[in-house]
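See structure below.
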Amino acid sequence: MQIKNVIVGAGIAGCVLARRIAEEKNEKVLVIERKDHIGGYCFDYRNKQGILVHRYGPHIFRTDLKEVWEYLSRFTKWHHYQHKVLAYVQGKYYPMPINLDTVNEFLGTRYDSENVHEYFEKNRVDISKIETVKDVVESQIGTLFYDAFFKNYTQKQWGESPENLPKEIVARIPIRSNRDDRYFTVRYQAMPLDGYTSMIQNMLSHPNIKVMLNTDFKEIKSELEYEKLYYSGAIDEYYDYQYGKLPYRCVQFEVIDLEKSWAQPTAVVNYPNDYDYTRITEYKHFYDYVTDKTVISREYSSEEGEPSYPIPQKENIEIYKKYLSLKDDQNVRFVGRLGEYRYYSMDQIVNNMLNIDL
Numbered sequence: 109m110q111i112k113n114v115i116v117g118a119g120i121a122g123c124v125l126a127r128r129i130a131e132e133k134n135e136k137v138l139v140i141e142r143k144d145h146i147g148g149y150c151f152d153y154r155n156k157q158g159i160l161v162h163r164y165g166p167h168i169f170r171t172d173l174k175e176v177w178e179y180l181s182r183f184t185k186w187h188h189y190q191h192k193v194l195a196y197v198q199g200k201y202y203p204m205p206i207n208l209d210t211v212n213e214f215l216g217t218r219y220d221s222e223n224v225h226e227y228f229e230k231n232r233v234d235i236s237k238i239e240t241v242k243d244v245v246e247s248q249i250g251t252l253f254y255d256a257f258f259k260n261y262t263q264k265q266w267g268e269s270p271e272n273l274p275k276e277i278v279a280r281i282p283i284r285s286n287r288d289d290r291y292f293t294v295r296y297q298a299m300p301l302d303g304y305t306s307m308i309q310n311m312l313s314h315p316n317i318k319v320m321l322n323t324d325f326k327e328i329k330s331e332l333e334y335e336k337l338y339y340s341g342a343i344d345e346y347y348d349y350q351y352g353k354l355p356y357r358c359v360q361f362e363v364i365d366l367e368k369s370w371a372q373p374t375a376v377v378n379y380p381n382d383y384d385y386t387r388i389t390e391y392k393h394f395y396d397y398v399t400d401k402t403v404i405s406r407e408y409s410s411e412e413g414e415p416s417y418p419i420p421q422k423e424n425i426e427i428y429k430k431y432l433s434l435k436d437d438q439n440v441r442f443v444g445r446l447g448e449y450r451y452y453s454m455d456q457i458v459n460n461m462l463n464i465d466l
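Okay, here's the thing in structure tokens:
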């Protein structure tokens with residue numbers, strides 16, 4: 109098969125690229141996807157009650173980038189949504205990120221905005237050289253809040269003590285001196301009105317774009333003749349794991365239908381200290397559904413499953429650089445979270461793909 113452009117992976121990175129090539133260069137594009145669906149980790153579907161469920165955990169679109177917002181708005185209308193997260197600690201729910209209410213409810217105090225700054229300044233740990241996740245958190249909010257809200261959650265999420273995790277994993281802990289309980293404060297926050305899968309399907313709906321699902325690129329590579337390859341799969345797999353597998357933190361999901369109207373106060377509740385799962389998502393909160401049933405998903409972090417979070421430890425970055433050094437074809441581009449071995453939010457990926465040279 110002769111085709112000018114091949115894109116491996118029908119996630120949001122590959123699909124933005126496909127649409128750009130199809131429109132801007134008026135060239136044919138073949139998108140190859142191993143899974144049985146488009147959308148990558150953004151894939152969603154409707155259950156029997158008509159509730160949109162995110163197969164790979166909650167994805168809330170947010171950005172301060174007008175260009176990104178306007179680009180995606182070509183392919184979807186929006187349901188405006190302000191995301192809120194609670195942490196379940198010692199039998200009570202607390203707003204996250206930490207705000208004035210979190211502090212007062214947890215400590216039983218009546219601080220105001222000025223007092224709460226003084227509290228954290230007084231209780232933060234003075235660390236001369238910040239090297240680990242533990243250092244980052246304790247140097248900003250002190251040991252008490254670190255132990256209650258971050259220590260065990262981080263341990264569960266990464267399978268490693270925060271004392272052994274590099275500071276890059278959590279650069280900064282947001283602390284709010286007001287009562288703003290929104291998880292994000294960026295300009296644009298919304299959910300695609302008909303879901304991410306619908307948005308991405310609209311993106312792929314172009315006569316120059318062909319999509320092959322349930323297809324392994326390596327199995328058909330010898331049959332393809334192409335000029336450019338954009339690879340959003342795992343770079344170590346592309347090179348047959350010559351330097352070993354790049355480690356990822358993976359997530360497994362347990363989806364549960366419930367015979368009741370609501371399961372929890374907000375869309376997402378974190379469980380830092382209780383249970384094996386890290387958080388529970390209730391999808392009804394995203395779209396204001398009116399139904400007497402609900403659906404939740406529990407998330408379990410593990411070493412096996414869908415590779416979700418690159419682990420940015422020094423030795424892993426060195427392995428990634430070794431794989432990059434194998435690249436001798438200027439017509440091959442590695443993109444996205446797996447291709448670049450780097451965590452990106454959705455808007456970062458879209459922005460990167462809008463600015464990449466085709």
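Residue numbering for the sequence shown follows my numbering, starting at 109 and increasing by one per position. For every residue, glycine included, the Cβ atom is placed at its ideal position computed from N, Cα and C.
Within 7 Å, strictly: CB atoms of residue i and residue j
{"i": "K136", "j": "I111", "result": "yes"}
{"i": "A126", "j": "I146", "result": "no"}
{"i": "Y449", "j": "Y417", "result": "no"}
{"i": "I283", "j": "V241", "result": "no"}
{"i": "V139", "j": "I115", "result": "yes"}
{"i": "V376", "j": "T386", "result": "no"}
{"i": "Y219", "j": "N212", "result": "yes"}
{"i": "V359", "j": "G413", "result": "yes"}
{"i": "S285", "j": "G122", "result": "no"}
{"i": "S410", "j": "K264", "result": "no"}
{"i": "R142", "j": "D324", "result": "yes"}
{"i": "L466", "j": "I129", "result": "yes"}
{"i": "R232", "j": "S221", "result": "no"}
{"i": "Y347", "j": "L434", "result": "yes"}
{"i": "E367", "j": "M109", "result": "no"}
Beta-carbon proximity list for residue i, same chain, < 7 Å, skipping 5 on both sides
{"i": "E239", "result": "K275"}
{"i": "E271", "result": "T240, K242"}
{"i": "S269", "result": "Q263"}
{"i": "V197", "result": "A256, F257, P380, N381"}
{"i": "V193", "result": "M204, Y291, T374, V376, N378"}
Sequence-distant residues of its chain with Cβ nearer than 8 Å to residue i (five each side left out)
{"i": "G158", "result": "Y397, T399"}
{"i": "N155", "result": "V161, D365, V403"}
{"i": "S306", "result": "T184, P300"}
{"i": "D289", "result": "K192, P203, N207, D209"}
Straight-line Cα distance separating residue j from residue i
{"i": "N322", "j": "T293", "result": "38 Å"}
{"i": "Y349", "j": "I328", "result": "19 Å"}
{"i": "T251", "j": "T210", "result": "15 Å"}
{"i": "I457", "j": "I308", "result": "14 Å"}
{"i": "W177", "j": "R170", "result": "9 Å"}
{"i": "R295", "j": "Q190", "result": "11 Å"}
{"i": "A195", "j": "A371", "result": "15 Å"}
{"i": "L313", "j": "K174", "result": "The question names Leu, yet the displayed sequence has Ser at residue 313. Each residue's Cα considered, the two are about 23 Å apart."}
{"i": "E407", "j": "I343", "result": "26 Å"}
{"i": "D172", "j": "Y452", "result": "15 Å"}
{"i": "L432", "j": "G447", "result": "10 Å"}
{"i": "Y227", "j": "K401", "result": "43 Å"}
Beta-carbon proximity list for residue i, same chain, < 6 Å, skipping 5 on both sides
{"i": "Y304", "result": "G147, C150, D152"}
{"i": "R441", "result": "Y338"}
{"i": "V224", "result": "L208, V211, S285"}
{"i": "D144", "result": "L321, N322"}
{"i": "V124", "result": "V458, M461"}
{"i": "I235", "result": "D243, S247"}
{"i": "T217", "result": "none"}
Discussion item. I want to know whether the stretch 175–192 touches the stretch 295–310 - three or more CB-CB distances under 8 Å.
Written reply: yes
Worksheet item: At which residue ranges does the stretch 190–248 contain complete alpha helix (DSSP H) runs of 4 or more residues, listed in the order of the chain?
Response: 208–215, 221–231
Discussion item. I'd like to know if the stretch 374–394 and the stretch 158–165 are in contact, where contact means that at least 3 CB-CB pairs between them fall below 8 Å.
Written reply: yes
Item to complete: Would you mind listing the alpha helix (DSSP H) stretches within the stretch 340–388 that are 4+ residues and don't spill past its ends, in chain order?
Response: 343–346
Discussion item. Tell me whether the stretch 348–368 and the stretch 327–335 touch, counting them as touching only if at least three CB pairs, one residue from each stretch, are closer than 8 Å.
Written reply: no
Practice prompt. State whether the stretch 256–264 contacts the stretch 310–326, with contact taken as three or more CB pairs (one from each stretch) at a distance under 8 Å.
Written response: no
Item to complete: Would you list, in sequence order, the uninterrupted alpha helix (DSSP H) runs of no fewer than 4 residues that lie entirely inside the stretch 249–302?
Response: 260–266
Worksheet item: Curious, which full-length beta strand (DSSP E) runs of at least 3 residues does the stretch 398–458 contain?
Response: 402–410, 414–418, 440–442
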